[in-house]
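Okay, so here's the structure we're looking at.
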Amino acid sequence: MRLLSLSRSLPHSLILRRNMASATADPISPATTKLGWIGTGVMGSSMCSHLLKAGYTVTVFTRTKSKAQTLLSMGAHWADSPKSLASQSDVVFSIVGYPSDVRHVLLDPSSGAISGLRPGGAVVDMTTSDPSLALEIHSAAASAGSSSVDAPVSGGDRGARLAALSIFAGGDEAVVSRLTPLLTCLGRVYYMGAAGKGQFCKLANQVTIASTMVGLCEGLIYAHKAGLDLENYLTAISTGAAESKSLDLYGGRILKRDLEAGFYVNHFVKDLGICLRECQSMGLALPGLALAQQLYVSLQAHGEGNLGTQALILALERLNNVSIQPI
1 MRLLSLSRSL
11 PHSLILRRNM
21 ASATADPISP
31 ATTKLGWIGT
41 GVMGSSMCSH
51 LLKAGYTVTV
61 FTRTKSKAQT
71 LLSMGAHWAD
81 SPKSLASQSD
91 VVFSIVGYPS
101 DVRHVLLDPS
111 SGAISGLRPG
121 GAVVDMTTSD
131 PSLALEIHSA
141 AASAGSSSVD
151 APVSGGDRGA
161 RLAALSIFAG
171 GDEAVVSRLT
181 PLLTCLGRVY
191 YMGAAGKGQF
201 CKLANQVTIA
211 STMVGLCEGL
221 IYAHKAGLDL
231 ENYLTAISTG
241 AAESKSLDLY
251 GGRILKRDLE
261 AGFYVNHFVK
271 DLGICLRECQ
281 SMGLALPGLA
291 LAQQLYVSLQ
301 AHGEGNLGTQ
311 ALILALERLN
321 NVSIQPI
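Mapping of the sequence shown onto the UniProt record's numbering: position 41 corresponds to residue 41, and the numbering continues sequentially without gaps.
Written out as structure tokens, the structure is:
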């Protein structure tokens, strides 16, 4: 009786969180936890496959059903809307293209996942998106008696395939802790703080990558102009201070002229645009970020937005009227 009378004096939001915690008391496991997965692109399909291989029951939704065929053949179930998917799931994951897509699949009042999620459920958005949207999702989920985590990832297509992604999680720490058995099927989890902080961390990650990619491509252009053997050059610098994940992931691809997307130029431009808007609101001047964004926009202007981020080499080749021949 004491607990009941105490709950009457608590704010409504705290009561919702308490009810959510009670509803999600069962530990996460393949036997007790049903999952939903929205988005089966370059990374999403690989990520979802790890959860299927771990024995979880997974229902999937994507705008084009044929793109989910690999997962369906692995035993995933199909839902015809995010709302239907959520009604069959305890935890719903989303990894889609743009903030507008996130808003549609999660917040649409008639078909969005949150409108179909059962009390005590959780939404994990792994799309790189606006921190303000993460806060909006967190509020909407709490109002529905559920929870949300913003958990964008870094590591590209290879990290997705190898379940070696870095996952930047924002939200209630207890919720993130509870969902960690699921997230560790996909990579390593870093708790960054309250709702929206996962997105802020990913955007800072993109700022770092943007200038690193410019440096990688400029170094290759310089070494080419100097007449160096580029394969030997990359091997030589990979063990020194220039060593980086970008060099490791993309240096060899650039030399082979493999510009296939592990992460699309179009999506990177979206990320950098979000970063620049956040910089404006923060009063920050990050000239390296601005330069990288403009170079990537130039790729879009040449119809190269569906190539991978390593296609930045094309923009710098055009600036210098050179062409690195594939090995």
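Cβ coordinates follow ideal geometry from the N, Cα and C atoms, glycine included.
Just so we're clear, the structure is a prediction, and the values are computed from it rather than from any experiment.
For residue i, name the three-state secondary structure that DSSP assigns.
i: Ile237; result: helix
i: Ala23; result: Only weak support exists for where Ala23 lies, its pLDDT of 40 falling under 50; the value from the coordinates is given anyway. Looking at Ala23 - three-state DSSP - the assignment turns out to be helix.
i: Tyr250; result: helix
i: His302; result: coil
i: Met47; result: helix
i: Val207; result: helix
i: Gly198; result: helix
i: Met192; result: strand
i: Ser177; result: helix
i: Lys256; result: coil
i: Leu228; result: coil
i: His244; result: Note on residue identity: the sequence assigns Ser, not His, to residue 244. Looking at Ser244 - three-state DSSP - the assignment turns out to be coil, as it is neither helix nor strand.
i: Asp271; result: helix
i: Ala285; result: coil
i: Leu314; result: helix
i: Leu295; result: helix
i: Ser115; result: helix
i: Thr70; result: helix
i: Ala54; result: coil
i: Glu278; result: helix
i: Ser29; result: coil
i: Thr127; result: coil
i: residue 329; result: Residue 329 cannot be examined here, being either before or after the span of the chain that is shown, 1 to 327.
i: Ile327; result: coil
Do residue i and residue j have their C-beta atoms closer together than 8 Å?
i: Leu284; j: Tyr296; result: no
i: Ser45; j: Leu71; result: yes
i: Ile38; j: Ser94; result: yes
i: Ala122; j: Ser147; result: yes
i: Val42; j: Asp157; result: yes
i: Ser154; j: Asn205; result: yes
i: Thr212; j: Ser238; result: no
i: Ala226; j: Ala292; result: no
i: Cys279; j: Leu272; result: no
i: Ile254; j: Gln310; result: yes
i: Pro30; j: Phe61; result: no
i: Leu230; j: Ile324; result: yes
i: Tyr250; j: Leu299; result: no
i: Val149; j: Gly170; result: yes
i: Val96; j: Leu133; result: no
i: Thr59; j: Cys48; result: no
i: Cys201; j: Ala54; result: no
i: Gly159; j: Gly116; result: no
i: Ile28; j: Leu234; result: no
i: Val207; j: Leu289; result: yes
i: His50; j: Ala140; result: no
i: Arg277; j: Pro326; result: no
Using DSSP bridges, identify the partner residues of residue i.
i: Leu122; result: Looking at the sequence provided, one finds Ala at residue 122 rather than Leu. Paired residues: Val91 and Ser147.
i: Leu165; result: Gly187
i: Ile38; result: Phe61 and Ser94
i: Tyr264; result: Gly308
i: Val322; result: None; Val322 has no bridge partner.
i: Ser110; result: Ser110 pairs with nothing; no bridge assigned.
i: Val153; result: Ile167
i: His77; result: Thr59
Throw me the rounded Cβ distance for the residue i and residue j pair, which I believe falls under 8 Å.
i: Thr127; j: Pro152; result: 7 Å
i: Ala175; j: Tyr191; result: The amino acid occupying residue 175 in the given sequence is Val; Ala does not appear at that position. The pair is not a contact, with the Cβ atoms about 10 Å apart (cut-off 8 Å).
i: Val92; j: Ala113; result: 5 Å
i: Thr33; j: Tyr56; result: 7 Å
Three-pair Cβ contact test at 8 Å for the region 265 to 275 versus the region 292 to 311: Judged by Cβ distances under 8 Å, the region 265 to 275 makes contact with the region 292 to 311, as three or more pairs qualify.
The region 212 to 229 contacting the region 188 to 197, beta-carbon criterion three pairs below 8 Å: At 8 Å Cβ cutoff, the stretches do not touch.
Cβ pair count under 8 Å reaching 3, the region 128 to 137 against the region 72 to 84: Contact between the region 128 to 137 and the region 72 to 84 is absent: fewer than 3 CB-CB pairs across the two stretches fall below 8 Å.
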